[in-house]
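Residue numbers (my numbering), protein chains in the order written: chain X, 548 to 817; chain V, 4 to 327. Backbone N, C-alpha and C define an ideal beta-carbon position, used for all residues, glycine too.
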Amino acid sequence: MTEPLLRVIDLKTHFRTKASWMFGEKQLIKAVDGVSFDIAPGEVLSLVGESGCGKSTVGRTLTHLEQATSGRALFEGRDFLVMSPNEFRPLRREIQMIFQDPFASLNPRLKIEQTLGEPLFIHGLCKTWDEARAKIAVMLETVGMDPLVMKRHPHEFSGGQRQRIGIARVMILKPKLVIADEAVSALDVSIQAQVLNLLKKLQQDSGVSMLFISHDLGVVRHISDQVAVMHEGKIVEIGRKRQIFEAPQHEYTRKLLESIPRVKIGKEVA
Amino acid sequence: MALLEVQDLEIAVRTKGKLLPVVQGVSFDVDDNETLGIVGESGCGKSLTALAIMGLLGGTTVRITGGNIRFDGMDLLTLSDGERRSIMGNRMAMIFQEPMTSLNPVYRIGDQIIENIRQHQKMTNAQARDRAVELLSLVRIPNPSERVDSFPHQMSGGQRQRVMIAMALSCDPKLLIADEPTTALDVTVQKEVLDLMADLQTRMGTAIVLISHDLGVISETCDKVAVMYRGRVVEAAATENLFAELAHPYTRGLLNSIPVVDSDVDWLEAIPGRVPTLEEELTGCAFHPRCALVTKLCATSVPQETEYKPGHSVRCHFSGKVAP
Chain X
548 MTEPLLRVID LKTHFRTKAS WMFGEKQLIK AVDGVSFDIA PGEVLSLVGE SGCGKSTVGR
608 TLTHLEQATS GRALFEGRDF LVMSPNEFRP LRREIQMIFQ DPFASLNPRL KIEQTLGEPL
668 FIHGLCKTWD EARAKIAVML ETVGMDPLVM KRHPHEFSGG QRQRIGIARV MILKPKLVIA
728 DEAVSALDVS IQAQVLNLLK KLQQDSGVSM LFISHDLGVV RHISDQVAVM HEGKIVEIGR
788 KRQIFEAPQH EYTRKLLESI PRVKIGKEVA
Chain V
4 MALLEVQDLE IAVRTKGKLL PVVQGVSFDV DDNETLGIVG ESGCGKSLTA LAIMGLLGGT
64 TVRITGGNIR FDGMDLLTLS DGERRSIMGN RMAMIFQEPM TSLNPVYRIG DQIIENIRQH
124 QKMTNAQARD RAVELLSLVR IPNPSERVDS FPHQMSGGQR QRVMIAMALS CDPKLLIADE
184 PTTALDVTVQ KEVLDLMADL QTRMGTAIVL ISHDLGVISE TCDKVAVMYR GRVVEAAATE
244 NLFAELAHPY TRGLLNSIPV VDSDVDWLEA IPGRVPTLEE ELTGCAFHPR CALVTKLCAT
304 SVPQETEYKP GHSVRCHFSG KVAP
């Protein structure tokens with residue numbers, strides 16, 4: 548087997564709440580409590596679970612947005628959780644994050660070309676704006692948008708279009724790992740299908756690895772190679788997609804799968 | 004005559020001095036013990052329709068511009084404020100999507116339920132409190148006699164939604180309108196809340212209008228379905244008949260867009276384009292820019308409601324045809 552691109556070993560992220568008159572004593576919240584998984588190059592691993600299970604905290608810890616309590620995370624063999632912000636900076640290009648809310652994750656004051664162009668300069672991928680604009684135009688076409696939109700501001704776009712721009716902002720840096728936290732959850736079904744197809748196609752074409760965080764088992768089945776089911780900070784079951792969906796071993800996985808309302812197509816035979 | 008009859012409902016929004024139609028010619032009816040599902044994507048007008056029935060479209064920006072709504076023989080649109088207040092929360096109640104924001108955070112949940120009961124029924128505070136405890140146990144809140152004194156922040160999202168249901172049921176309504184009641188909840192909790200609603204319906208014979216964007220929820224809980232797109236009902240039928248044969252290309256597209264948990268597909272059949280915004284002027288069928296079956300006719304004439312099969316109506320010039 549090939550060396551995994553990302554290996555997470557016994558990751559723990561605990562939070563301490565403050566003591567207050569209303570909520571009582573200080574508490575220790577074990578948001579992520581001993582999570583381990585591997586992502587191979589070019590593979591998609593989904594973390595699925597209900598709200599509060601710690602799936603988003605895993606993603607945020609891996610991008611240094613939260614501090615890990617213990618455990619290790621190796622990216623191409625190097626533990627990056629212990630890196631200082633300066634050491635981690637070069638890795639930020641290679642580990643990118645797509646967020647849920649397309650309305651909050653684009654700066655409303657910046658034109659699209661600034662939003663997409665800035666990271667290119669920061670990471671030294673471009674020297675001139677002409678170069679940057681050429682790259683942006685290609686990228687916008689790849690995500691199904693007219694290159695002319697780079698002169699416009701985020702408020703001029705719908706949710707689905709903004710999420711395409713968010714994906715373009717990530718993919719233009721040619722990352723090796725994309726962490727997508729509920730990337731299609733805020734979209735209407737017909738738009739969600741478009742964006743999901745786009746994400747899957749870009750992933751397959753570029754061979755980027757992906758950690759896909761979602762509560763929606765249908766979406767997870769559509770995009771993943773591997774699935775990890777999280778419950779109360781722990782992974783209760785992890786395996787290849789087919790195994791999880793067709794032969795779930797853990798009681799909680801079965802409960803999740805059974806709870807999904809399904810469309811009954813066709814007449815039932817009486 | 005059905006319990007709730009909505010006929011040719013028209014709602015318009017005033018922006019920049021222009022009246023833009025947001026709901027056009029919507030008609031449906033719901034009877035006792037029956038659940039009607041209204042399904043559609045954001046902006047299709049499903050929530051506005053619910054608010055119109057509840058009389059919550061006040062002000063000058065959003066207005067009912069036509070049609071009528073009859074409940075139990077009364078014309079809801081011509082009621083005085085006093086008459087309306089005596090019906091709402093009493094014989095007709097509504098559950099909203101956000102259990103976080105629809106409860107008052109500074110009052111105990113019991114007091115909020117008691118307030119509604121005493122508004123409509125002659126009861127002492129103690130009697131109403133007993134009734135509140137009874138309602139909380141009905142919606143399966145554990146330890147109801149203690150939880151009646153809880154504040155909303157002490158409860159989980161699912162529990163809060165149950166409190167909302169308890170409050171809506173406090174005066175034994177004949178009609179319950181639920182606007183995305185489970186959208187903010189986890190799937191396992193969603194199942195519990197939907198089962199609870201179905202159970203209460205069989206016991207009390209309540210009519211329910213369930214508004215949702217989730218075809219799975221609709222398919223599992225409703226007796227009949229109205230599919231809305233951009234302000235119009237484009238397809239309506241009994242649930243079983245609708246899913247047996249989807250007649251409108253939009254309904255088919257919506258169903259094909261959903262990634263399902265029970266099988267694998269390589270690519271989803273997404274509907275191209277997006278729902279047109281209100282400001283965009285449309286001629287003909289509102290779905291024609293995204294439709295695979297589009298012809299010149301679709302761009303110029305609005306399809307009328309036609310009977311596709313008995314009890315199955317559709318608004319499409321080419322209903323039932325499938326794209327080549």
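- Judged by DSSP in its simplified three-state form, residue 230 (chain V) adopts strand.
- In the structure shown, residue 41 (chain V) falls within a strand segment according to DSSP collapsed to helix, strand and coil.
- Within the DSSP bridge table, the entry for residue 593 (chain X) names X:759, X:774 as partners.
- The alpha-carbon of residue 250 (chain V) is positioned some 4 Å away from that of residue 323 (chain V).
- Among the CB atoms of chain V, one or more fall inside 8 Å of the CB of residue 808 (chain X).
- In the DSSP assignment, the residues bridged to residue 24 (chain V) are V:15.
- If you check each beta-carbon in the segment 691–720 of chain X against every beta-carbon of chain V, the ones closer than 9 Å belong to 705, 706, 707, 708.
- In this structure, residue 97 (chain V) keeps its C-beta atom at 8 Å or more from the C-beta atom of residue 74 (chain V).
- Contact of residue 812 (chain X) with chain V by beta-carbon distance below 9 Å involves 222, 246, 247, 249, 258.
- Taking the Cβ atoms as the reference, residue 692 (chain X) lies roughly 13 Å from residue 718 (chain X), outside the contact range of under 8 Å.
- The C-beta separation of residue 226 (chain V) from residue 241 (chain V) comes to about 7 Å, placing the pair in contact by the 8 Å criterion.
- Going by C-alpha positions, residue 681 (chain X) is about 24 Å away from residue 724 (chain X).
- Contiguous beta strand (DSSP E) elements confined to the segment 681–740 of chain X occur at 724–728, taking only those with 3 or more residues.
- Between residue 612 (chain X) and residue 627 (chain X), the C-beta gap is not smaller than 8 Å, which leaves the two residues out of contact.
- Residue 602 (chain X) sits buried, since 16 or more C-beta atoms from the chains shown fall within 10 Å of its C-beta.
- Counting along the chain, the unbroken beta strand (DSSP E) around residue 643 (chain X) starts and ends at 642–645.
- CA-to-CA, the gap between residue 579 (chain X) and residue 780 (chain X) works out to about 4 Å.
- Residue 788 (chain X) sits in a helix when the DSSP states are folded into three classes.
- Within chain V, not a single residue places a beta-carbon under 7 Å from that of residue 601 (chain X); the smallest gap is close to 14 Å.
- Of all residues in the segment 753–769 of chain X, only 762, 763, 764, 765, 766, 767, 768, 769 place a beta-carbon less than 9 Å from a beta-carbon of chain V.
- Ranked by Cα distance from residue 136 (chain V), the first of V:124, V:151, V:145 is V:151.
- Secondary structure of residue 253 (chain V) (DSSP, three-state): helix.
- Annotation: Cβ neighbours of residue 738 (chain X) in chain V (cutoff 9 Å, chain order): 44, 260, 273, 274, 277, 278.
- Sequence-distant partners of residue 178 (chain V) (beyond 5 residues in either direction) whose C-beta falls short of 8 Å from its own C-beta, in its chain, are 6, 7, 33, 74, 94, 95, 96, 209, 210, 211, 212.
- The beta carbon of residue 115 (chain V) is closer than 7 Å to those of 106, 107, 170 in its chain, skipping five residues each way along the sequence.
- Residue 69 (chain V) is bridged by DSSP to V:13.
- For the C-beta of residue 553 (chain X), not a single chain V residue is nearer than 9 Å; the gap to the nearest is close to 25 Å.
- Nearest CB-CB separation between residue 315 (chain V) and chain X: not below the 8 Å threshold.
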